[in-house]
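**Q** Structure provided below as structure tokens; questions to follow.
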Amino acid sequence: MTQTDQHTLLRGRILDFHASPQDEADTDAYSYIEDGAILIADGKIIATGTFAKVSALAPTAPITDHRPHLLMPGFIDTHVHFPQVQVIASWGAQLLDWLNNYTFPEETRFESPTHSALMARHFFDLLTSHGTTTAVSYCSVHTTSVDAYFTEAARRNMCMIGGKVMMDRNAPGALMDTPQSSYDDTKAMIGKWHGAGRAHYTITPRFAITSTPEQMEMAGALVAEYPDCFVQTHLSENHDEIAYTAELYPEAPDYLGVYEHYGLLSPKMLLGHSIHLKPREIDVLVDTGAKPVFCPTSNLFLGSGLFDDAGLRARGIENAIATDIGAGTSYSMLQTLNEGYKVLQLQNQKMHPLRAFHWITRGNAEILGLADRIGTLAPGSDADIVVLDSRATHAMDLRMQRADSLSEELFILQMLGDDRAVEETYVAGQAMKEGNLRSEILLQSA
Ligand code: GUN
Ligand code: ZN
Numbered sequence: 397m398t399q400t401d402q403h404t405l406l407r408g409r410i411l412d413f414h415a416s417p418q419d420e421a422d423t424d425a426y427s428y429i430e431d432g433a434i435l436i437a438d439g440k441i442i443a444t445g446t447f448a449k450v451s452a453l454a455p456t457a458p459i460t461d462h463r464p465h466l467l468m469p470g471f472i473d474t475h476v477h478f479p480q481v482q483v484i485a486s487w488g489a490q491l492l493d494w495l496n497n498y499t500f501p502e503e504t505r506f507e508s509p510t511h512s513a514l515m516a517r518h519f520f521d522l523l524t525s526h527g528t529t530t531a532v533s534y535c536s537v538h539t540t541s542v543d544a545y546f547t548e549a550a551r552r553n554m555c556m557i558g559g560k561v562m563m564d565r566n567a568p569g570a571l572m573d574t575p576q577s578s579y580d581d582t583k584a585m586i587g588k589w590h591g592a593g594r595a596h597y598t599i600t601p602r603f604a605i606t607s608t609p610e611q612m613e614m615a616g617a618l619v620a621e622y623p624d625c626f627v628q629t630h631l632s633e634n635h636d637e638i639a640y641t642a643e644l645y646p647e648a649p650d651y652l653g654v655y656e657h658y659g660l661l662s663p664k665m666l667l668g669h670s671i672h673l674k675p676r677e678i679d680v681l682v683d684t685g686a687k688p689v690f691c692p693t694s695n696l697f698l699g700s701g702l703f704d705d706a707g708l709r710a711r712g713i714e715n716a717i718a719t720d721i722g723a724g725t726s727y728s729m730l731q732t733l734n735e736g737y738k739v740l741q742l743q744n745q746k747m748h749p750l751r752a753f754h755w756i757t758r759g760n761a762e763i764l765g766l767a768d769r770i771g772t773l774a775p776g777s778d779a780d781i782v783v784l785d786s787r788a789t790h791a792m793d794l795r796m797q798r799a800d801s802l803s804e805e806l807f808i809l810q811m812l813g814d815d816r817a818v819e820e821t822y823v824a825g826q827a828m829k830e831g832n833l834r835s836e837i838l839l840q841s842a
């Protein structure tokens with residue numbers, strides 16, 4: 397190999413996935429290297445393997461030595477609301493009241509480009525400080541929020557997916573578009589951002605309650621026109637929501653039938669929550685390849701219900717996993733796994749830690765159809781990498797003294813870890829933890 401000046405080498409313990417492991421004995425599904433290295437050039441992974449082998453490929457490359465920490469692909473969050481950074485931890489309501497009392501008033505502020513730009517900086521700092529390198533986001537109804545989101549993503553060279561919510565009823569006037577304006581604005585945003593650098597656009601009718609049939613038709617037209625864009629919405633999160641949807645769409649056989657009727661369903665469709673599904677809806681998921689998204693911290697916080705991961709997987713349906721900030725209560729995909737584990741426990745279902753870490757990396761990347769770019773440490777992938785410290789806190793350190801296996805270590809990270817366990821996050825080969833906005837503000841006020 398010819399070596400250029402841009403080569404850098406990360407050294408540490410390395411965990412990477414090739415499939416979803418059943419348990420630690422399923423060694424075809426993952427690679428674990430005690431003294432490993434990742435060679436990076438121009439934002440991409442050139443080689444991953446033992447330090448001895450990989451360092452020989454670039455003997456003069458500068459080395460960042462992360463030993464004894466664990467290097468793995470950056471985390472992927474498949475459902476998050478960018479305009480809800482100041483909604484997280486709002487007390488006392490279930491879905492529809494929570495939207496009306498807290499969320500909608502807050503989202504009106506994103507009409508302002510300065511507010512949107514400032515919140516985008518905070519949002520992206522929070523993602524990377526929690527080890528998340530790719531997220532699929534709902535922006536507000538305003539194109540200003542979409543511009544702020546993708547401008548910030550481009551500044552940081554992050555692979556981000558996002559879109560403006562389409563909503564033309566059952567919301568404050570300042571948050572409503574029209575069928576035509578939502579179509580025009582979405583089209584303009586796709587033209588501006590989809591495929592620009594690492595950005596992808598997701599067509600985003602918020603949910604059936606906030607879209608008229610005319611707007612759903614426009615959403616369907618956009619999906620037909622832009623088949624390579626993602627599509628996202630919410631499905632069967634809460635019983636009152638389901639009942640209201642049935643009133644608004646009386647001809648639909650069930651909730652999913654609304655989205656099905658307007659041609660929204662395909663493997664590019666992400667359906668947040670998907671908790672209270674009827675047998676016909678599960679058949680439709682199987683037939684269309686549309687993907688449920690498990691949002692454990694949010695589902696517990698809003699008292700929405702228990703996601704049936706094993707039941708859906710038994711039908712061959714692949715589920716994504718996500719934070720759903722701001723109904724979700726942590727930006728951390730580790731904490732998302734923690735709460736997810738408990739949701740499955742309540743249903744006598746199991747989440748092995750190796751499967752859990754596959755889920756938030758390669759698993760979510762596969763759901764997005766992006767596993768050739770993100771979610772693994774395979775050569776040719778973008779160098780989005782998280783460095784984890786399993787002894788980051790007093791409690792973790794004490795528990796680690798009794799850990800004998802990789803699975804045990806991963807479970808400790810999953811149950812006790814959060815941003816304190818994220819030693820560093822690399823986005824396209826660049827270290828991101830330094831210089832975030834909060835540290836700048838703290839410095840200025842010191
Ligand atoms: N359904 C429609 N909008 C939202 C939202 O912002 N958060 C959640 N959790 N559910 C929704
Ligand atoms: Zn949501």
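Residue numbers (the numbering used here): 397 to 842. Note that beta-carbon positions come from the ideal geometry of N, C-alpha and C, so glycine has one too. Keep in mind the model is a prediction, meaning the values are calculated, not measured.
1. Per the contact definition of three or more C-beta pairs closer than 8 Å, is the segment 579-586 in contact with the segment 535-548?
2. Would a C-beta distance cut-off of 8 Å place PRO568 and THR499 closer than the cut-off?
3. When the Cα of ILE436 is compared with those of HIS414, SER607 and THR460, which residue comes out closest?
4. What three-state label does DSSP hand THR719 in the structure shown?
5. When burial is assigned at 16 or more other CB atoms within 10 Å of the CB, is SER462 buried or exposed?
6. Under the three-state reduction of DSSP, which class applies to TYR622: helix, strand or coil?
7. Measure from the alpha carbon of LYS588 to the alpha carbon of each residue in ILE605, THR404 and LYS560, then state which is nearest.
8. Could you pull out every residue in the same chain whose Cβ sits closer than 6 Å to the Cβ of GLN399, ignoring the five residues on either side in sequence?
9. Taking C-alpha atoms, which residue in ILE599, HIS635 and LEU631 lies nearest to GLU621?
10. Using a 10 Å radius around the Cβ and a threshold of 16 neighbouring Cβ atoms, would you call GLY776 buried or exposed?
11. What does DSSP give as the partner residues of GLN797 in its beta bridges?
12. Would you say ASP683 touches the ligand ZN, meaning its beta carbon is less than 7 Å from a heavy atom?
13. Identify every residue that forms a DSSP beta bridge with THR574.
14. So is GLU830 buried or exposed if we call it buried at 16+ other beta carbons inside 10 Å?
15. Please report the straight-line C-alpha distance between TYR651 and ASP431, rounded to a whole angstrom.
16. Along the chain, which unbroken stretches of the alpha helix (DSSP H) at least 4 residues long are found entirely within the segment 634-708?
17. If you check the beta carbons only, do GLU735 and LEU696 fall under 8 Å apart?
18. Suppose contacts are defined by Cβ-Cβ distances below 8 Å. Is SER451 in contact with LEU405 by that definition?
19. Check each candidate in GLU820, PHE520, GLU613 and MET563 and name the one with the smallest Cα separation from THR547.
20. So the candidates are SER801, ILE808, ASP800 and ASP422; which of them puts its Cα closest to the Cα of HIS790?
21. How long is the line joining the alpha carbons of ASP704 and GLU610, rounded to whole angstroms?
22. Count the other C-beta atoms from every protein chain shown that fall within 10 angstroms of the C-beta of ALA448, then say buried if there are 16 or more, exposed otherwise.
23. On the three-state DSSP scale, how would you describe LEU806?
24. Do THR530 and ILE472 have their CB atoms nearer than 8 Å?
25. CB of HIS475 to nearest heavy atom of the ligand ZN: below 7 Å?
**A** Checking against the coordinates, here is how it stands:
1. yes
2. The residue given as residue 568 occupies position 172 in the sequence shown. The residue given as residue 499 occupies position 103 in the sequence shown. Their beta carbons are not under 8 Å apart, which means PRO568 does not touch THR499 by this criterion.
3. In the sequence shown, counting from the first residue as 1, residue 436 sits at position 40. Closest option to ILE436, Cα to Cα, is THR460.
4. As a working note, residue 719 is residue 323 in the sequence shown. In this structure, THR719 counts as coil in the three-state DSSP scheme.
5. Looking up residue 462 in the sequence shown gives position 66. What sits at residue 462 in the sequence shown is His, not Ser. HIS462 comes out buried.
6. By 1-based counting over the sequence shown, the position of residue 622 is 226. Looking at TYR622 - three-state DSSP - the assignment turns out to be coil, as it is neither helix nor strand.
7. As a working mapping, residue 588 is identified with position 192 in the sequence shown. With distances taken between Cα atoms, LYS588 lies closest to LYS560.
8. Along the sequence shown, read from residue 1 onward, the residue named residue 399 stands at position 3. Interpretation of GLN399 is limited by its pLDDT of 44, a score under 50 that renders its predicted location unreliable; no figure is taken from the coordinates.
9. Taking the sequence shown and counting its residues from 1, the one referred to as residue 621 is at position 225. Checking every option, the nearest Cα to that of GLU621 belongs to ILE599.
10. Here residue 776 is taken as the residue at index 380 of the sequence shown, counted from 1. GLY776 should be labelled exposed.
11. Your numbering for residue 797 matches position 401 in the sequence shown. Bridge partners of GLN797: none, in fact.
12. Locating residue 683 in the sequence shown gives position 287, counting from the first residue. No, the ligand ZN has no heavy atom inside 7 Å of this Cβ.
13. Numbered from 1 along the sequence shown, position 178 holds the residue referred to as residue 574. In DSSP, THR574 forms no bridge with anything.
14. For this step, residue 830 is matched to residue 434 along the sequence shown. Classification for GLU830: exposed.
15. Position 255 of the sequence shown, counted from the start, is the residue given in the question as residue 651. Position 35 of the sequence shown, counted from the start, is the residue given in the question as residue 431. One C-alpha to the other measures close to 51 Å.
16. 635-644, 651-657, 675-684 and 692-697
17. Counting from one through the sequence shown, the residue named residue 735 turns up at place 339. Counting from one through the sequence shown, the residue named residue 696 turns up at place 300. The answer is yes: Cβ separation under 8 Å.
18. Counted from its first residue, the sequence shown places residue 451 at position 55. Counted from its first residue, the sequence shown places residue 405 at position 9. Yes, the pair counts as a contact, with Cβ atoms nearer than the cut-off.
19. As a position in the sequence shown, residue 547 is number 151, starting the count at 1. Measuring from the Cα of THR547, the nearest candidate turns out to be PHE520.
20. Against the sequence shown, residue 790 aligns to sequence position 394. Across the set SER801, ILE808, ASP800 and ASP422, the C-alpha of ILE808 shows the shortest separation from the C-alpha of HIS790.
21. Within the sequence shown, the letter at position 308 stands for residue 704. Within the sequence shown, the letter at position 214 stands for residue 610. So the alpha carbons of these two residues sit roughly 32 Å apart.
22. Here residue 448 is taken as the residue at index 52 of the sequence shown, counted from 1. Here ALA448 is exposed, its C-beta having fewer than 16 other C-beta atoms within 10 Å.
23. To locate residue 806, count along the sequence shown from 1; it is residue 410. Looking at LEU806 - three-state DSSP - the assignment turns out to be helix.
24. Locating residue 530 in the sequence shown gives position 134, where the first residue counts as 1. Locating residue 472 in the sequence shown gives position 76, where the first residue counts as 1. Contact: yes.
25. Here residue 475 refers to the residue found at position 79 when the sequence shown is read from its first residue. Correct: HIS475 has its Cβ closer than 7 Å to the ligand ZN.
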